[in-house]
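Participant: Going by this note's numbering, the sequence shown opens with residue 123, and the numbers climb by one from there.
No residue lacks a Cβ here, since even glycine has one placed at the ideal position from N, Cα and C.
Owing to the predicted nature of the structure, the values given are computational and were not obtained by experimental measurement.
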Amino acid sequence: MMDDSKRNEIVVSVASKIKQDGVSYDEQDPSIMEQYVKHALLLGAGEPDAQEIVAESFLYLQMQNSSDEDPLQKGDKFGVGFS
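#1: Which residues in the same chain have their Cβ closer than 7 Å to the Cβ of A177, if we skip the five residues on either side of it in sequence?
#2: Rounded to the nearest angstrom, what separates V134 and S179 at their Cα positions?
#3: Any heavy atom of the ligand COA closer than 7 Å to the Cβ of M185?
#4: Please look up how many angstroms separate the CB atoms of G166 and I132, rounded, as I've assumed it's under 8 Å.
#5: So is L183 buried or exposed if we call it buried at 16+ other beta carbons inside 10 Å?
#6: By Cβ distance below 7 Å, which residues in the same chain neighbour A214 in space, the five residues on each side in sequence not counted?
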């Protein structure tokens, strides 16, 4: 199991690559998602964590770009299960 600081480092790195590549933050194309999963694996993410890390990276970017949204109030918009 990966520690939180390493996981967060990979999330930020993947998010940086997504932003640099100009990919839409709500991208759903499996082939595009797969290239970021491979990137996460190259950064040291384990096989079971890589897809979750990519999803977190997209969520991180979506939340950064909607600073006027309160994630605790609007979490369902981002697919987050806050209650």
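Facilitator: Taking the definition as stated:
#1: Here residue 177 is taken as the residue at index 55 of the sequence shown, counted from 1. Result list for A177: empty, nothing under 7 Å.
#2: Position 12 of the sequence shown, counting from 1, holds the residue named residue 134. Position 57 of the sequence shown, counting from 1, holds the residue named residue 179. Taking the straight line joining both Cα atoms gives about 7 Å.
#3: As presented, the structure is devoid of all ligands, the ligand COA included, so that no description of it is given.
#4: On the sequence shown, position 44 is the one that residue 166 refers to. On the sequence shown, position 10 is the one that residue 132 refers to. Indeed they touch by this definition, with Cβ atoms about 7 Å apart.
#5: Walking along the sequence shown from the start, residue 183 turns up at place 61. Result: buried.
#6: The structure shown has nothing for residue 214, since the chain only spans 123 to 205.
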